[in-house]
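Input: a single structure, listed below in structure tokens.
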DNA sequence: TTTATTATAGCACGACCGTTCGTATTTGGC
DNA sequence: GCCAAATACGAACGGTCGTGCTATAATAAA
């Protein structure tokens, strides 16, 4: 492996941490270079623009998400157990950034009203994630774990809602019951669709 | 009324619109002055720092929220009808900013990991809003509209989750069914706690 | 080891940031 | 209409932003 992509990895790793704390927009090249310990122009050379850096950070986070949340869940039985594993993995993953929260959430909100490549990319990644949940739900349907008339998109929406709310309750509000409420709500959603 | 607070009102009005689109942090004094049509230093004189401007924008938005969401709902009967009215008013209110979404959401996410006055203020305002929902739920309890063993904090959490998810589904994902899913989820929550 | 390529640093650029200051203009009370 | 107070302006400050350019240092290929 060439040295180039190795430092790139280092940069993205630091960038992801900063993003999780300050958001994708506040991620500045100068500050990032300082954190990594290299010159601004040296770092800049790896990405040809700030926008490309942002998108690479998003992809890096997505890859991270897949490895930590999706892949391990595939070891569980198809359907609901797999979905539940995803939830638990996500909770652990989003809490694993000591200084910040889910690296996507800030990007979601920052760019939801700003057309452009970054917004498109954020949107794509969120759709992919929600798609994973919906797929698990469809499989649950095939396996007769949930009622056949369940509205899968609606269930995915509710699951997603639970994740975001948990994030805000635990991070902004600092509610010590947020873990309990997250689990209770997820259980409630599952109970409402189970056969 | 003195001219000073009249222009201040104008400034805050424009600032709120910009905030709803770009977030509190991206709100720059120069850009804001240009939008309002006055000099940067002239505008700056009304607020003694950027942080004070940000907090005033938050308070202005909160006042706006109270007037458009809470007050009108008070005309409805106590308890659940009032809560439902709040939801509908909020949906209309958060969609009333043509260019952006709920002016709070961006601030919530931007500042959830950054200690300081802005964060404290955002937190306070969110707690106040959620408190309004919880109060309506407690009244619903007194009026025997919901079961006496309902966990009010949990119900407030779920209602809040629905609001945030609706926002993201409609704004970022552009899902045309988000209205339907929002209503369906709210109804589901209410049904689950009703007597 | 020499060579070609890649990676990094240093410097400078124009633009914008929040903020301060001195000065002009406008306003409201008398 | 006068005068003090409130309001607005223009210019400038030290910083930081993203982004080029050029030259040097480290690496990979020959």
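Chains as they are written, first to last, in this note's numbering: chain A, 1 to 195; chain B, 1 to 195. By construction, the Cβ of each residue, glycine as well, lies at the ideal position given by its N, Cα and C atoms.
- Closest in C-alpha terms to residue 63 of chain A, from the list A:13, A:30, A:141, comes A:13.
- Taking all protein chains in view, the Cβ of residue 49 of chain A is surrounded by fewer than 16 other Cβ atoms within 10 Å, so the residue is classified as exposed.
- Within the same chain, and ignoring the five residues on either side of residue 86 of chain A in sequence, the residues whose Cβ sits closer than 8 angstroms to its Cβ are 69, 70, 73, 132, 133, 136.
- In the three-state reduction of the DSSP assignment, residue 75 of chain A falls in the coil class.
- For the options A:117, A:10, A:152, A:9, the alpha carbon positioned closest to that of residue 52 of chain A is the one of A:117.
- Contacts between residue 108 of chain B and chain A, judged by CB atoms closer than 7 angstroms, involve 168, 172 in chain order.
- Here the alpha carbons of residue 163 of chain A and residue 151 of chain B stand approximately 19 angstroms from one another.
- A straight-line Cα-Cα distance of about 35 angstroms links residue 20 of chain B and residue 146 of chain B.
- DSSP places residue 176 of chain A outside any alpha helix (DSSP H), giving it a letter other than H or E.
- Judged by DSSP in its simplified three-state form, residue 48 of chain B adopts coil rather than helix or strand.
- With 16 or more other Cβ atoms inside 10 Å of its own Cβ, residue 185 of chain B counts as buried.
- Listed in chain order, the alpha helix (DSSP H) elements of length 4 or more contained wholly in the region 11-62 of chain B are 29-36, 40-44.
- With contacts defined by Cβ atoms closer than 8 angstroms, residue 16 of chain B and residue 54 of chain B do not form a contacting pair.
- Residue-level contact by beta carbon holds for residue 101 of chain A and chain B, with a gap shorter than 8 angstroms.
- Burial check for residue 110 of chain A: the Cβ neighbour count within 10 Å reaches 16 or more, so the residue is buried.
- By the neighbour-count criterion, in which a residue is buried when 16 or more other Cβ atoms sit within 10 angstroms of its Cβ, residue 112 of chain B is buried.
- Annotation: Cβ neighbours of residue 127 of chain A in chain B (cutoff 8 angstroms, chain order): 173.
- Beta bridge pairing from DSSP links residue 91 of chain B with no other residue.
- Using a C-beta cut-off of 8 angstroms, the region 170-185 of chain A makes no contact with the region 175-195 of chain B, since fewer than three inter-stretch Cβ pairs fall below that distance.
- Residue-level contact check: residue 51 of chain B does not touch chain A, since none of the beta carbons of chain A fall below 8 angstroms from its beta carbon.
- The beta carbon of residue 164 of chain B falls within 8 angstroms of a beta carbon belonging to chain A, placing the residue at that interface.
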